[in-house]
Amino acid sequence: MRTHLVVAGIIALAGTNPADAATITIAVNGSPAWVHVTGEFLEGDGDKFKATTRDLTNAIVVLESDGGNAIAGLVIGSVIRVKKFTTLAWRQCASACATAWLGGVKRMMFRDSRVGFTAQEGLEHYRESTAATALKACRVVPMLT
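Take 1065 as the starting number for the sequence shown in my numbering and just add one per residue.
Written as structure tokens, this is what we have:
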């Protein structure tokens, strides 16, 4: 119950629209810290996430986005994995957001949350199988319908 209240508080404080560029906010009230990432992932958001979380050693990263730039999702996910953070999908986490979610050493979502893997924007000059390789490395097999 406390977790739901903290997450709800972070989202209320963030006050962002998922259509906006990625917004990264931090709430530190003991350990772990709560990091909320919402909005479209744009080029450079990976570096912004890295700088924002630089001093954190224990965090739960709450992700809510329709996606965006694939490189930003990969960088955010890599930072999350290196720092051994937990990820939590809030409502919808798709495309680049889902890639970042995979970075969590522990990945969580609510029953009504949706995590979706789609074609990635921003990987035009990479091999077509980059997203599939990342999913396999995280032991996730996408289901085709």
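We put the CB at the ideal spot given by N, CA and C, even for glycine.
| query | result |
| --- | --- |
| To the nearest whole angstrom, what separates the beta carbons of V1143 and T1117, a pair I think is in contact under 8 Å? | 7 Å |
| Ignore the nearest five residues each way along the sequence and tell me which others in A1123's own chain have a CB closer than 6 Å to its CB. | P1096, A1097, V1099 and F1149 |
| Applying the criterion that 16 or more other CB atoms from any shown protein chain within 10 Å of the CB defines a buried residue, is T1102 buried or exposed? | buried |
| Determine the closest residue to A1160 out of A1091, N1093, G1110 and V1092, with distance taken between C-alpha atoms. | G1110 |
| Pull the bridge partners of F1181 from the DSSP assignment, please. | None; F1181 has no bridge partner. |
| Could you check what DSSP says for V1125 in three-state terms: helix, strand or coil? | strand |
| Below 9 Å between beta carbons: does that hold for A1086 and K1112? | yes |
| Which residues in the same chain as W1165 place their Cβ atom closer than 7 Å to its Cβ, once the five residues preceding and following it in sequence are excluded? | L1127, T1151, A1153, C1157, R1171 and V1179 |
| Report the CB separation of T1163 from G1141 in whole angstroms; it is logged as a contact under 8 Å. | 5 Å |
| Work out the CA separation of V1169 and G1040 for me, nearest whole Å. | Residue 1040 cannot be examined here, being either before or after the span of the chain that is shown, 1065 to 1209. |
| In the structure shown, what three-state DSSP assignment does K1148 receive? | coil |
| Does G1131 pass the burial test, meaning 16 or more other C-beta atoms within 10 Å, or should it be called exposed? | buried |
| So who's on the other strand from L1132, going by DSSP bridges? | Sequence inspection shows Gly at residue 1132; the Leu mentioned does not correspond to that position. DSSP output for G1132 lists F1105 as bridge partner(s). |
| Excluding sequence positions up to five away, which residues of its chain have a Cβ less than 6 Å from the Cβ of G1137? | F1105, A1160, T1163 and A1164 |
| Run through DSSP, which three-state label would T1087 get? | strand |
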